[in-house]
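A short write-up of the structure that comes next.
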Amino acid sequence: MIYYKVNLEKVNIRTEHYNQYTLYINQIGEPDWPFGKTHCQYILKDQNKTLSSVKFDISDDGCNASINNFKIEWTDDYMILTVRGSEQFDHYYMEELK
Numbered sequence: 050m051i052y053y054k055v056n057l058e059k060v061n062i063r064t065e066h067y068n069q070y071t072l073y074i075n076q077i078g079e080p081d082w083p084f085g086k087t088h089c090q091y092i093l094k095d096q097n098k099t100l101s102s103v104k105f106d107i108s109d110d111g112c113n114a115s116i117n118n119f120k121i122e123w124t125d126d127y128m129i130l131t132v133r134g135s136e137q138f139d140h141y142y143m144e145e146l147k
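Numbering (the numbering used here), first residue to last: 50 to 147.
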């Protein structure tokens, strides 16, 4: 049980809707100890079909992920996710909406 919570448990941080698309941002497990990276994943769906699933890390002094780590922008053609952390440059992920 402890292994699952520390390494595998997915906790939803944010869910965002745009037209028929849904973006889920999850933290996976606990941040690496001490003051390590936080493991996350985003999943972009078009209704019930998964368009993209991407795992990434946040360097934010060992803190859990929060809504403050993410900025989401939608256009008619793209979803743009900006990931921020106090110990990293912003990372950008762009997904084409099909």
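Positions of the beta carbon are idealized from the N, C-alpha and C atoms, including for glycine. Just so you know, these numbers come straight off a predicted model, no measurement behind them.
When the distance is taken between beta carbons, is Gly134 closer than 7 Å to Ile107? The sequence position of residue 107 within the sequence shown is 58, counting from 1. The sequence position of residue 134 within the sequence shown is 85, counting from 1. Yes.
Just confirm the distance between the C-beta atoms of Gln90 and Asn113, as a whole number of angstroms; I'd bet it's less than 8 Å. Locating residue 90 in the sequence shown gives position 41, counting from the first residue. Locating residue 113 in the sequence shown gives position 64, counting from the first residue. At roughly 14 Å, the Cβ-Cβ gap does not stay under 8 Å, so Gln90 and Asn113 are not in contact.
DSSP on Lys54, reduced to helix/strand/coil? By 1-based counting over the sequence shown, the position of residue 54 is 5. Lys54: helix per DSSP, three-state reduction.
Identity of the residues DSSP links to Trp123 by a beta bridge: One-based indexing of the sequence shown puts residue 123 at position 74. Bridge partners of Trp123: Met128.
Sorted by chain position, which residues of the same chain lie with C-beta nearer than 8 Å to Thr64's C-beta, five sequence neighbours on each side aside? As a first step, residue 64 is located in the sequence shown; it is residue number 15 there, counting from the start. If we look at Thr64 and ignore the five residues flanking it on each side, its Cβ neighbours are Thr71, Leu72, Tyr73, Ile74.
Reducing DSSP to helix, strand and coil, say where Asn117 ends up. Translated into positions along the sequence shown, residue 117 becomes position 68. Asn117 falls in the helix class under three-state DSSP.
Beta strand (DSSP E) containing Ser102: first to last residue? Counting from one through the sequence shown, the residue named residue 102 turns up at place 53. Residues 98-107.
Cα-Cα, which of Asn118, Leu146, Glu136, Met143 is closest to Phe84? As a position in the sequence shown, residue 84 is number 35, starting the count at 1. Comparing Cα-Cα distances from Phe84 to each of Asn118, Leu146, Glu136, Met143, the minimum goes to Glu136.
Can you tell me where the beta strand (DSSP E) holding Cys89 begins and where it ends? Residue 89 sits at position 40 when you count from the first residue of the sequence shown. First-last of the beta strand (DSSP E) with Cys89: 87-95.
For Asn118 and Tyr67, I'd like the C-alpha separation in whole angstroms. Taking the first residue of the sequence shown as 1, we reach residue 118 at position 69. Taking the first residue of the sequence shown as 1, we reach residue 67 at position 18. Their Cα atoms are separated by approximately 20 Å.
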